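Mapped onto mature numbering (1 follows the signal peptide of the UniProt record, and there is no 0), the consecutive letters of the sequence shown carry residue numbers -18 to -1, 1 to 135.
Ideal Cβ placement from N, Cα and C applies to all residues, glycine included.
These figures come from a predicted structure and were not determined experimentally.
So the structure is just underneath, and the comments pick up after that.
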Amino acid sequence: MKSTLLALVSLLFVSCLSDNEPSKSVDYTVQNEKEIVDYIAKNKLTAIKTDSGLYYVVNEAGTGARPKASSNVTVAYKGYFTNGNIFDQSNASGISFGLNQVIKGWTEGIPYFKEGGSGILLVPAHLGYGSNGSGPIPGGSVLIFDVKLIKVN
C-alpha cells in the first residue's frame, strides 16, 4: 500500500512537471527597441516612431489613395531580420490582402503610404508574431519590411 501511494504521488508530481502549458508571453519591448534603434543608426535611416512602438521610413510617399486599417491592398514586400536574413518576400506584382488580416505592424504601418509609395516598416515583436513566433520567425523577433503600396483595391 505504501509503495502504491508513493508511486501515485510520484506520478502526479512528474505529470505536473511535464504539462504542456501554452508558452508564457515574454515582453521583448526593451530588447526590441534597442535592436531597432541600433539598426536605424547602423543603416543611417530617418525613421518615425509611433505611439505603439512601430518605426517607419517613407522613401516615397506616393500620390494615389491612402488606405485605411480596414482596406484591401496590393503590396510588394521583402521581410527580413535585422541581420539581413530574408524570411519572406513577394514578387514585384505584390500580393493582395485585407489590412485587418495581417500583423498589427502592417495594419498600422501600410496606411502611412499612399498608392505608389514605398518605405520600410520596423516591427517590434508585440506588433508582429509576439513571443511565440510563426514558421521561420522565432518568438520575440524584430521584423523589417521593405514595402511598396501598389494599389488600394
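From this set, Asn54, Ala74, Lys50, Thr45, which residue's C-alpha is nearest Lys60's C-alpha?
Ala74
Drop a sphere of 10 angstroms on the beta-carbon of Asn14, count the other beta-carbons inside from all chains shown, and report buried for 16 or more, exposed for fewer.
buried
Judging by CA-CA distance, which residue of Ile132, Asn135, Lys130, Leu104 is the nearest neighbour of Val19?
Leu104
With a floor of 4 residues, list each alpha helix (DSSP H) that falls wholly inside the stretch 3 to 65, ordered by position along the chain.
11 to 24
Who pairs with Gly101 in a beta bridge, going by DSSP?
Val40, Val129
Which residue from Tyr111, Phe63, Ser7 puts its Cα closest to that of Glu17?
Phe63
Verify whether the separation of the beta carbon atoms of Gly99 and Gly44 is less than 9 Å.
yes
Backbone secondary structure at Gly80 - three-state DSSP:
strand
Grouping DSSP H, G and I as helix and E and B as strand, with all else coil, what is Ile119?
strand
What residue does the beta strand (DSSP E) around residue 145 start on, and which one ends it?
Given that the chain is displayed from residue -18 to residue 135, the structure contains no residue 145 and the question cannot be resolved.
Taking its Cβ as the centre, do 16 or more other Cβ atoms sit within 10 Å of Pro118, making it buried, or is it exposed?
exposed
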